[in-house]
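A.B. asks: Structure in C-alpha cells, see below.
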RNA sequence: GCCGGGAUAGGGUAGUGGUUAUCCUUUGGCCCUGUGGAGGCCAAGAGCCGAGUUCGAAUCUCGGUCCCGGCCCCA
C-alpha cells in the first residue's frame, strides 16, 4: 500500500468542515479590517528564503532542481513570498497595503505534536504603515482572530533594540549565542557580571510600565519609546499584553517591535502566532519600506479550537419508482439555495434501502416520490426522527425547505 | 540528527513460539417487490516491511519504515 509521506496528513470530511469553518471566520475578520487576499506560488527560487536566513536553512527546506536547472524550494513560510510579490508587482499601489494569505508551507523537520512537514499558515502583512500604529493594528487583529475562534492568548511584546543595546559590547558571535540562550529561557547565560544581572533583571516578570521603566535604566534606546507608544495604543484597543524582553526572533528578519502569542494544550509547540516589524523589500530588490505582519499556525489553532462547525440539514429524495419525478423534485430543491443538501439514490436501491440509507447518514427528512405522488402532484415528506409522514404539494415543499 | 513508547481488517480490540488469529463495529447481500432505526442468516476484510533464530515466528532478536511524545531546530 502506498501511504502518505511522513509528516503530512489527510483530512477527512469532518475535519475539513471544522477547518473550513475556522478559516472562514479568520477570513471574515481580516476582510472586515480591510485586508485583501493574495496567493503566491507553492514553490519559489530557493534564494528567496536563503538570502536573509543563511545557507544552513537549506537543510530544513524541501528544495529541488527543476529540468531547467533552477534551484527551487517549497515555501517554508509566506512572508518572504508575499513581500517578493509586493516588490515585483505592487510597489506602486497606494499605501498602506493590507494583505492576507492562507496557505500550506513545508519544512523538513522532525514531526511532533503541532508540528508537521506540511502545515498551514494564516497571516497578514501590513506594508507601509508607521511602525507603532501598524503594529498596534496587527496585534489587535491577531488577538481578535484568536479570541474569536475561542483562544485566549495574551500578547507578549518586545522590541529588539533593547537586547541589542544591552549586548552591544559583545562580539557578534557572542551576541548570537546569548540571544539564543535567552530565547530558550535557559537559566545559565554565558556572560560576565554586571551584564548578567542586567539581563536577569530585564527578564524578571514585571508589569508593563515597570518593565519599560526598568529597561530605560538598563538599556536606554529608541525602541523603548516605540514600545511605550505601542502600549498606549494597545490600551485603546483593549488588548491584554505583557512585556517580555526574552522574545528575540533575532535570527529572523525582524527589526523592531516583535510579538508572540502562546496557547495552552499544545505541548512543546505552543506558539500559535508570531510577528512584528521587518524589513525585507530591499533584500528582494525593492525600495525599503516599513512593514509588519504576523503568521498564525493554523494547525495549532485547530488542535485546540473547540468551535463546532455549522451543519447542513440532510434531505434524501427517495425514488419509489418514478426516477424522472424524483430528479425533478431534487433539482427544484437544490435550486432553493437553503442550508441543506439533497441526495438521490445512485445504487438502484429499493425504497426500503433508500430509507435505511437516509437513516444511516442522519437525514432529517426523506421525501418519498413515486407514481402515486406524481399522479396527485404531491410528495410525501417523512420526518426521519418521528416517522410522521405528510403529503405536501410541490409549492408547500419548497416553502418548507426554505425555512430549514 | 538524538532519546523513549508504539504498529493485529476501514475504525476499535483480544490472545498465543504450534491446525482455519478473537470479539465489537463497519461494509455488501438476503430474510423484506411503496416505508428506516430492532433482530436473524450469509459474505468481505488484518498481525508495518525486511532479515535472523527455530522443525515452526504475527509472537523472540536485529535493521528499516511510519505514528505518538520529548530534545535539537523552528528562517
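Residue numbers (the working numbering): 5 to 408. Idealized CB from N, CA, C, for every residue including glycine. Being a predicted model, the structure only gives us computed values, none of them experimental.
Only counting the same chain, and skipping five residues up and downstream in sequence, which positions put a Cβ closer than 7 angstroms to that of residue 317?
C.D. replies: Around residue 317: 343, 344, 368 and 408.
A.B. asks: From the DSSP output, read off the bridge partner residues of residue 375.
C.D. replies: Its beta-bridge partners do not exist; DSSP assigns none.
A.B. asks: Note down the Cα distance separating residue 483 from residue 251, rounded to an integer number of angstroms.
C.D. replies: Any property of residue 483 remains undetermined from this structure, which presents the chain solely from 5 to 408.
A.B. asks: Beta-carbon within less than 8 angstroms of residue 8's beta-carbon, same chain only, minus the 5 sequence neighbours each way: which residues are those?
C.D. replies: Excluding residues within five positions, the ones whose Cβ falls inside 8 angstroms are 14.
A.B. asks: Terminal residues of the continuous alpha helix (DSSP H) containing residue 303?
C.D. replies: It spans 302 to 308 - the alpha helix (DSSP H) in which residue 303 sits, taken as one unbroken run.
A.B. asks: Taking 8 angstroms as the cut-off, does the stretch 237 to 251 touch the stretch 123 to 130 (at least 3 CB pairs, one atom from each stretch)?
C.D. replies: As far as the Cβ criterion goes, the stretch 123 to 130 does not touch the stretch 237 to 251, which means the pair count is below three.
A.B. asks: Cβ of residue 234 versus every heavy atom of the ligand GDP: is any distance shorter than 7 angstroms?
C.D. replies: What this structure holds is no ligand at all, so the ligand GDP is not there to describe.
A.B. asks: Look at the alpha carbon of residue 23 and the alpha carbon of residue 200, and state the distance between them as a whole number of angstroms.
C.D. replies: The straight-line gap from Cα to Cα measures roughly 46 angstroms.
A.B. asks: Less than 8 angstroms separating the beta-carbons of residue 104 and residue 34?
C.D. replies: Cβ atoms of residue 104 and residue 34: closer than 8 angstroms.
A.B. asks: What would DSSP say about residue 265, mapped onto helix, strand or coil?
C.D. replies: Residue state, collapsed to three classes: strand.
A.B. asks: If I'm right that residue 100 touches residue 131 with Cβ under 8 angstroms, what's the distance once you round it to whole angstroms?
C.D. replies: Contact holds; Cβ gap of about 6 angstroms.
A.B. asks: Mind checking whether residue 398 and residue 319 have CB atoms under 8 angstroms apart?
C.D. replies: Contact: no.
A.B. asks: State the start and end residues of the unbroken alpha helix (DSSP H) segment that holds residue 114.
C.D. replies: No alpha helix (DSSP H) holds residue 114; DSSP gives it neither H nor E.
A.B. asks: When you compare only the Cα positions, how much space is there between residue 400 and residue 392?
C.D. replies: Answer to the nearest angstrom: the Cα atoms are 16 angstroms apart.
A.B. asks: Please state the DSSP three-state secondary structure of residue 64.
C.D. replies: Three-state DSSP puts residue 64 in a helix.
A.B. asks: Given a cut-off of 8 angstroms on the beta-carbon distance, is the pair residue 72 and residue 50 in contact?
C.D. replies: Not in contact: residue 72 and residue 50 (Cβ atoms no closer than 8 angstroms).
A.B. asks: So, is residue 265 buried or exposed, given that buried needs 16 or more other C-beta atoms within 10 angstroms?
C.D. replies: Burial call: buried.
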